[in-house]
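Just below is one structure, and these are the notes that go with it.
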Amino acid sequence: MRLLKALVVVGMAIAPIASYAGQIVVQGRGVVDQAPDMAIINLGARFQAHTAREALDEVNKRTRAAIKVMADMGVEPRDMQTGNLYLNPIWDQGNSHNEVARIRGYQAGNRLTIRVRDLSILGVALDEMVSDGANLFNGLSFGLQDPTDALAEARKRAVLDARSKAELYAEAAGVSLGDVLSIDEGARSIPQPMFRARAEMAMDSGVPIEAGELSTQASVTIVYEIENDN
Numbered sequence: 001m002r003l004l005k006a007l008v009v010v011g012m013a014i015a016p017i018a019s020y021a022g023q024i025v026v027q028g029r030g031v032v033d034q035a036p037d038m039a040i041i042n043l044g045a046r047f048q049a050h051t052a053r054e055a056l057d058e059v060n061k062r063t064r065a066a067i068k069v070m071a072d073m074g075v076e077p078r079d080m081q082t083g084n085l086y087l088n089p090i091w092d093q094g095n096s097h098n099e100v101a102r103i104r105g106y107q108a109g110n111r112l113t114i115r116v117r118d119l120s121i122l123g124v125a126l127d128e129m130v131s132d133g134a135n136l137f138n139g140l141s142f143g144l145q146d147p148t149d150a151l152a153e154a155r156k157r158a159v160l161d162a163r164s165k166a167e168l169y170a171e172a173a174g175v176s177l178g179d180v181l182s183i184d185e186g187a188r189s190i191p192q193p194m195f196r197a198r199a200e201m202a203m204d205s206g207v208p209i210e211a212g213e214l215s216t217q218a219s220v221t222i223v224y225e226i227e228n229d230n
């Protein structure tokens with residue numbers, strides 16, 4: 001007498017998967033942890049002065065100094081980008097609503113985003129840029145220059161994880177695992193910034209920096225056929 005085959009459905013609780021007779025549906029997850037090989041610095045300069053020209057000239061001087069520090073350390077122009085340049089009046093509203101607001105000065109600012117591919121220079125670079133006038137620090141993050149290999153390995157691990165689950169459930173249900181009917185890639189995660197330094201940390205002389213590890217993740221949904229044992 002032909003055995004009645006069991007239907008086994010394995011899915012994430014937060015994302016239920018539709019079940020089909022004679023199939024085993026599983027989800028696998030793969031994670032690759034590795035040290036980063038690139039850092040992204042986001043800093044800049046801000047300055048107030050009585051005139052717009054003074055404020056802007058000082059910001060330009062500080063920004064150029066930061067760029068020179070990085071260039072002297074071997075950072076290429078393609079890895080440095082300025083942005084968010086602004087020049088705003090500073091208003092004196094007076095002591096009452098009857099007084100006319102007057103401009104009492106100007107504030108200028110500029111930001112610089114830098115990719116550092118040699119992590120050994122990071123601490124010294126930050127210290128020198130701050131010493132040369134950079135007084136805005138908007139974050140430090142780590143990443144991979146090329147996440148292709150890490151993502152490929154994460155995908156392989158996700159498939160192996162799914163296969164392991166399918167075999168386990170097939171054995172527990174007393175059925176045989178058949179061919180793969182479909183493979184659908186789910187969410188994947190390229191390493192994202194994992195560490196942000198505070199401005200006051202960056203302005204301490206010789207600030208210690210630890211890059212830690214980044215996680216590259218991939219997930220997959222695989223549908224297996226349940227073999228028809230006679």
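Residues 1 to 230 in our numbering are what the sequence shown spells out, letter by letter. Yeah, the Cβ is synthetic: ideal placement off N, Cα and C, and Gly gets one too. Quantities reported herein were computed from a predicted structural model and do not represent experimental measurements.
Can you give me the C-alpha to C-alpha distance between alanine 150 and aspartate 33, rounded to a whole angstrom?
The residue you call residue 150 lines up with position 150 of the sequence shown. The residue you call residue 33 lines up with position 33 of the sequence shown. Cα to Cα, the separation comes out at about 8 Å.
Helix, strand or coil for arginine 111? Go by DSSP, reduced to three states.
As a first step, residue 111 must be located in the sequence shown, where it is residue number 111. Strand at arginine 111.
Flag this pair as yes or no: are the beta carbons of alanine 101 and glutamine 93 separated by less than 8 Å?
By one-based count along the sequence shown, residue 101 stands at place 101. By one-based count along the sequence shown, residue 93 stands at place 93. Yes. Within cutoff.
Around the C-beta of isoleucine 222, are 16 or more other C-beta atoms found within 10 angstroms, so that it is buried, or is it exposed?
Mapped onto the sequence shown, residue 222 falls at position 222. So isoleucine 222 counts as buried.
What whole-angstrom Cβ distance do glycine 30 and glutamine 217 have, given they're in contact under 8 Å?
To locate residue 30, count along the sequence shown from 1; it is residue 30. To locate residue 217, count along the sequence shown from 1; it is residue 217. Confirmed, about 7 Å.
How would you call aspartate 231, buried or exposed, if buried means at least 16 neighbouring beta carbons within 10 angstroms?
Given a span of 1 to 230 for the chain in the structure shown, any question on residue 231 remains unanswerable.
Three-state class that DSSP yields for valine 32 in the structure shown
Numbered from its first residue, the sequence shown carries residue 32 at position 32. Residue state, collapsed to three classes: strand.
Outcome for valine 130 when other beta-carbon atoms lying within 10 angstroms are tallied against a minimum of 16:
Position 130 of the sequence shown, counting from 1, holds the residue named residue 130. With 16 or more Cβ atoms within 10 Å of its Cβ, valine 130 is classed as buried.
With contact counted as at least three CB pairs below 8 Å, one residue from each stretch, are the segment 174-190 and the segment 47-63 in contact?
no
Could you compute how far the alpha carbon of glycine 212 sits from the alpha carbon of glutamate 128?
Translated into the one-based positions of the sequence shown, residue 212 becomes position 212. Translated into the one-based positions of the sequence shown, residue 128 becomes position 128. C-alpha separation (whole angstroms): 23 Å.
Contact check, asparagine 84 vs asparagine 110 under 8 Å by CB: the rounded distance?
Working through the sequence shown from its first residue, we reach residue 84 at position 84. Working through the sequence shown from its first residue, we reach residue 110 at position 110. The C-beta distance from asparagine 84 to asparagine 110 rounds to 7 Å, short enough to meet the 8 Å contact threshold.
Determine the burial state of tyrosine 169: buried for a count of at least 16 other Cβ atoms within 10 Å of its Cβ, exposed for fewer.
In the sequence shown, counting from the first residue as 1, residue 169 sits at position 169. With 16 or more Cβ atoms within 10 Å of its Cβ, tyrosine 169 is classed as buried.
Determine, using beta carbons only, whether isoleucine 226 and valine 175 come nearer to each other than 8 Å.
The count along the sequence shown starts at 1 and reaches residue 226 at position 226. The count along the sequence shown starts at 1 and reaches residue 175 at position 175. Yes, they are a contact pair.
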